Amino acid sequence: MSGLLIIGASYAGVQSAISAREAGYQAPIRIVADEADLPYQRPPLSKGFLAGSVAHSNLILRGADFFAAQQIDMKLAARVVRIDRDARRVELQDGELINYDTLLIATGSRARKLVIPGHDRDGICYLRTLDDAVTLKRRLEAASSVIIIGGGFIGLEVAATAAKADKAVTLVEAGARLLERSVSPLVSQFLLDLHRSRGVEIRFNETVIGIEDADGAGHAVICSDGRRVHGDLIIVGIGGIANDELASAAGIPCSNGVDVDSYGRTGAPNIFAAGDCSNHFNSFAGRRVRLESVQNATDQGKSAGATIAGKPEPYVSVPRFWSDQYDAKLQTVGLAAPDDTAVVRGDIHAGRFSVFYYRDRKLMAVDSINRPGDQMIARRLIAAARSPSPEQAADMSFDLKTVEQSRETREGIEHAEAEAQRS
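Put into structure tokens, the structure is as follows:
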């Protein structure tokens, strides 16, 4: 069996297969994945699933019946170890060879590991896969105190889940603020105040240099200043690494992920890549980026699948992210730079506000806390390259929907709305 072979069964891989079929691809499609579970949703792993409010069965992204109806063959618990570009086939860990006409790499990313003395002790958890989440859930239920290393999205979401379960939580962050590379200092401060109000102890500018067993039970995390933080359970969330080794070993150009164009095409004939493992030029950022989000993986999968089916469709979606922590819903749209001008709309103290980022008075991105309406409007405006003035954005009496629209802007917004419906 040749046809389309997809390595990876998360959002990008599954969506690529679906979009290829929707675009009329008639040849066989096979998805090979190293995990044993059917494709599942990942955002709930650090929240509802970890808290026990979302059951394992409710995580399933698409069931076996769906794949059978779409004539998509699923081969689970199978690891690809080599891509043979000349022969157009891949080799599995057990020696099986699978041929392809077109290959799509959707291998995702993996958790970055701590490499310090004591990093291999029992009781240190990461969260990236369902198996990780099952292990973490069991250990979290048994723990009374938790140490979280890393103040990114995973670290904060797990901190919120643990705090709501009445665990004593200490978070250690090497940087100067939370989500330092993702949101404005205003949003970082809001989240800091929110977590501290729920009893989470947060320490900044501290690098973990070692882990040792504590007297009696549990562990001690050793910080660069010599202080020790004690806890029953250690959870590490210090970012992700692209799983691009297969591509790189096959001579496919990679740079912090598999290099792709706006259609998901790599530098090798008949080979595509999409999702967390890929690196693309993003027109909204003006540079090459590797994004880790459901939206990016899904939309890149749509583009690659349609292109593989002979109906080329570029990836032009505005990047979006979200995170739920306690009763705060953080949403971001666009990609801001550290030197962009930040303008606040709404009431920070009431926990309902947005931060609009401008570059030379052009709207580049918006972070929102509990203001989904701002996100929808900002998404359309950024897609259409249309900007309310910073003064208008800051004025709560100004209706952002009344921003004057040229014909080109209306067409851009209509395109953005169509993209929103499709995703």
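Counted from 1, the sequence shown has number 320 at position 320 by the numbering used here; the numbering is strictly sequential.
Note that beta-carbon positions come from the ideal geometry of N, C-alpha and C, so glycine has one too.
Just so it is clear, the structure is predicted and the values come from calculations on it, not from any experiment.
Residues near residue i in its chain [Cβ-Cβ closer than 7 Å; skip 5 each side]
i	result
G152	L179, G237, G239
F321	S293, T332
L428	The structure shown does not extend to residue 428, since the chain spans only 1 to 423, so no value can be given for it.
T161	S46, K47, L50, A51
R112	I238, G239, G240, I241
A309	A20, A23, G24, Y25
V258	I105, D244, A247, I252, T266, A273, C277, S278, N279
R181	none
Cβ neighbours of residue i in the same chain (closer than 8 Å, five flanking residues each side left out)
i	result
Q71	R21, P28, I29
S2	A27, P28, R88, N99, Y100, D101
E157	S46, K47, S323, D324, Q325
L92	V32, A78, R79, V80, V81, I98
V229	I147, T170, V172, R203, A220, V221, C223
Given residue i as reference, the closest of the options once Cα atoms are compared
i	options	result
D224	G175, F190, I241	Here residue 224 turns out to be Ser, not Asp, going by the sequence shown. Measuring from the Cα of S224, the nearest candidate turns out to be G175.
D324	A64, L194, G118	L194
Y326	D37, S46, V32	S46
I202	I98, L171, V344, K329	L171
Q375	S354, L186, S389, A165	S354
R177	K311, Q189, R121, A168	Q189
E245	Y11, F67, S109, G373	S109
R62	Y11, S53, I222	Y11
L363	P372, G351, R352, A336	A336
D73	A9, D120, D122	A9
R121	N58, Y357, A217, S182	A217
R196	H219, A220, V169, S57	V169
A69	H349, I18, K167, Y357	I18
A55	A385, P338, K137	K137
Y357	A64, A350, V366	V366
E35	G95, T298, D132, I83	D132
CB-CB length for residue i against residue j, believed under 8 Å
i	j	result
V32	A78	5 Å
G334	I382	5 Å
L186	I154	The Cβ separation is near 22 Å, so there is no contact.
P253	G267	4 Å
P314	S397	P314 to S397, Cβ: 39 Å. No contact.
Nonlocal neighbours in the same chain, by C-beta distance under 6 Å from residue i, ignoring five residues either side
i	result
R359	D340
K75	V32
P388	L400, V403
K311	A23
R352	G346, N370, R371
S145	A168, G231, D232
Short Cβ contact (9 Å threshold) for residue i with residue j
i	j	result
S278	Q295	no
L114	L4	no
V90	I7	yes
A274	V260	yes
G199	A142	no
L130	D213	no
A247	I271	yes
N243	T107	yes
L140	A159	no
L330	V183	yes
V316	S283	yes
A328	L192	no
H219	I124	yes
Proximity test, residue i beta-carbon vs the ligand HEM heavy atom, cut-off 8 Å
i	result
E391	The ligand HEM is not among the ligands present in this structure, which contains no ligands whatsoever.
Could you tell me whether the segment 205-215 touches the segment 34-47, where touching means 3 or more Cβ pairs closer than 8 Å?
no
When you compare the segment 386-400 with the segment 343-350, are there three or more beta-carbon pairs, one atom per stretch, that lie closer than 8 Å?
yes
Report yes or no: do three or more beta-carbon pairs, one from the segment 297-309 and one from the segment 11-25, lie closer than 8 Å?
yes
Touch test, the segment 217-235 against the segment 142-158, Cβ-Cβ under 8 Å, three pairs minimum
Contact holds: three or more Cβ-Cβ distances are below 8 Å.
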